[in-house]
Amino acid sequence: MGIIIRTTQGWEPVEKRVGLVLSGGGARGLAHLGVLSVLEEYRIPIDLVAGASFGSIVGGLYAFGYSSSRLLALTKDFFASAEDGTINRKVLWDRAEEAFKRELGIVQIEDAHLPLFILSVDLSEEDIRIFSHGSLFTAIRASSAFPGLFDPLFHEGHVYIDGGILNSMLLKIAHDNGADIILFSDVSYMGIVYRRKWINAILDALLYCVPGRFSRPLRHPNHMSEFKLIPRILPIVKRYKKECGHYRRDLADITIAPDLEGLRPLEFGKFDYAFRRGRDAALKQIAAIHRVLEPMPAEHGPTDAKSTMNQG
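For what it's worth, my numbering labels the leading residue of the sequence shown as 2, then goes sequentially.
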């Protein structure tokens, strides 16, 4: 995007790229849609997207041109039965793949309208994996396999789990791929407990996300229980924990952290609640976003101020 910055010689136009980072967080990721709706209304330009877990779903479709309103409608339709808690995890991914093919066909990440980066953890290599090309659905599936909730993705000899356990790595990914300004929508459970010890927070997150009805082992040939996964996960978390603290502190120009107290990662029926919370948090930060991007041209005002007032 072209913006103007103050230099010792006055105001000069420069090219700055705005990166949008969307954390994981299960159903809490519905709040990303509220954040996006505010960014759209205020015409905040986005030049690249990085996401993990539910953030990879929202970010992936957004990078392919889907508006927040369209994403909300699709999500409501997809999770129509989520409120009663009867979703079968295996059926969920089958339905998701069918929905993706119906909406987009079989698409590749490199065909997105915006540069797109999706984070997963590769247990085979005990390292992170950044998907920037290849099948969009495969990348999303790899990034969304939260231990204890969904089976890991076994793909081409690798075992992938949820990238959201290292959400802050997304900030470095955005930075390393050319984002000069980073807007971080953080809906993660980790964000709540970030000041506590990292390993305890990871374990708390695992336990927090597994309600009683999901505590039984899946009868699946590729199943790896959360207890078997933890020893593989912890070395990766330990390796990156110091870096992640640095990234969270120093790379996010604006952090939008919706108040989602009490919303569990599987409560996908609470669309409107999460959406409103996302909007509220983004509206509180819109002045700060303007300052980061200033001077903001007049046409970057809200497209519908009345709508903005009514939806907060």
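Using N, Cα and C, we set each Cβ at its ideal position, and we do this for glycine too.
message: Between the alpha carbons of L172 and I255, how many angstroms are there, rounded?
response: 11 Å
message: Please list the terminal residues of the continuous beta strand (DSSP E) segment that includes A51.
response: 49 to 53
field: Secondary structure of D95, DSSP reduced to three states
entry: helix
- request: Could you have a look at L115 and say whether DSSP puts it in helix, strand or coil?
  value: coil
query: the ligand ADP heavy atoms versus the CB of I174: any closer than 8 Å?
result: With respect to small molecules bound, the structure shown includes none, and the ligand ADP cannot be examined in it.
query: So, using beta-carbon positions, are F118 and V59 closer together than 9 Å?
result: no
- prompt: For Y63, does the three-state DSSP call read helix, strand or coil?
  reply: helix
- prompt: In or out: E295 buried (at least 16 other Cβ within 10 Å) or exposed?
  reply: exposed
message: Based on DSSP bridge pairs, tell me the residues matched to V19.
response: I182
message: Do A258 and A288 count as a contact pair if the criterion is CB distance below 9 Å?
response: no
- prompt: Among residues of its own chain, excluding the 5 on either side of Q286, which ones have a beta-carbon nearer than 7 Å to its beta-carbon?
  reply: I255, I257
- request: Could you please give me the residues that DSSP links to Q109 through a beta bridge?
  value: S136
message: I need the boundaries of the beta strand (DSSP E) containing V188, first residue and last residue.
response: Neither: V188 is in no beta strand (DSSP E) and is coded neither H nor E.
- request: Go ahead and pull the three-state DSSP assignment for I45.
  value: coil
- prompt: Helix, strand or coil for L40 per DSSP?
  reply: helix
- prompt: Rounded C-beta distance between I237 and D128? I'm assuming under 8 Å.
  reply: 7 Å
- request: Count the other CB atoms, across all protein chains shown, that sit within 10 Å of the CB of S57; report buried if there are 16 or more and exposed otherwise.
  value: buried
- prompt: Would the region 17 to 37 and the region 263 to 276 be scored as touching if the rule is three or more Cβ pairs under 8 Å?
  reply: yes
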